[in-house]
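In order, the protein sequences belong to chains A and B.
Here the first sequence is numbered in the working numbering, starting from 2 and rising by one per residue.
Here the second sequence is numbered in the working numbering, starting from 2 and rising by one per residue.
Where is the CB? At the ideal position from N, CA and C, for every residue including glycine.
Being a predicted model, the structure only gives us computed values, none of them experimental.
Note sheet for the following structure.
Number of protein chains: 2
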Amino acid sequence: MIKATITVKLKPGVLDPQGEAVKGTLHTLGFGEVTDLRIGKTMEVWLDADDPAPAEERVKAMCEQLLANPVIETYSFSLEEGV
Amino acid sequence: MIKATITVKLKPGVLDPQGEAVKGTLHTLGFGEVTDLRIGKTMEVWLDADDPAPAEERVKAMCEQLLANPVIETYSFSLEEGV
């Protein structure tokens, strides 16, 4: 079993209204030191596979076909074996 | 400036319908090796602060008051200085 941990973030410059809203709420709660806040997704994907080299290609294909929107998002991932 | 990278995940056992839906779509796309998939959030928070020790306490307070729901979620974070 291989576990992929994928992080999908908005590209710099892409508006993040959800992040702006959370930043505003943190200010209201007294956390005025927050100057910026960006929200992304993290996905843990367990694969029925043993060899990390082809698994890496498969996870890359998943990100490009479904998990990330290449127009506005970037993705990165790491693999762990034996989980 | 200090940057906190916060990861918020659903606790084990908490249903993740969004993750189930994405897993189903990956199967439809031919990624049948995916056995499980869980979706969480990642937040990048920039703080106007220099000393990481109090910043750590502040980020912990943000997570407990707003960013994570302690009933169903767990959080973890790391800090980077000078970003």
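Does the Cβ of residue i have 16 or more other Cβ atoms within 10 Å, making it buried, or fewer, making it exposed?
i             : result
residue 29(A) : exposed
residue 46(B) : buried
residue 73(B) : exposed
residue 1(A)  : Beyond the ends of chain A as shown, which are 2 and 84, falls residue 1(A); an answer cannot be given.
residue 84(A) : exposed
residue 15(B) : exposed
On the DSSP bridge assignment, give the partners of residue i in chain order.
i             : result
residue 9(A)  : 42(A) and 76(A)
residue 82(A) : 3(A)
residue 35(A) : 48(B)
Flag residue i as yes if its beta-carbon sits less than 7 Å from any beta-carbon of chain A, otherwise no.
i             : result
residue 78(B) : no
residue 92(B) : Examination of residue 92(B) is not possible in this model, given that chain B is present from 2 through 84 alone.
residue 19(B) : no
residue 48(B) : yes
residue 52(B) : no
residue 60(B) : no
residue 40(B) : yes
I'd like to know if residue i contacts chain B, where contact means its C-beta is closer than 7 Å to some C-beta of that chain.
i             : result
residue 7(A)  : no
residue 35(A) : yes
residue 11(A) : no
Would you please state the rounded distance, in angstroms, between the beta carbons of residue i and residue j? I believe it to be under 8 Å.
i             : j             : result
residue 34(A) : residue 49(B) : 5 Å
residue 63(A) : residue 32(B) : 6 Å
residue 81(A) : residue 4(A)  : 5 Å
At least 3 beta-carbon pairs within less than 8 Å: the segment 66 to 73 of chain A vs the segment 53 to 62 of chain B: no
Would you call the segment 34 to 42 of chain B in contact with the segment 13 to 29 of chain A, where contact means no fewer than 3 C-beta pairs closer than 8 Å? no
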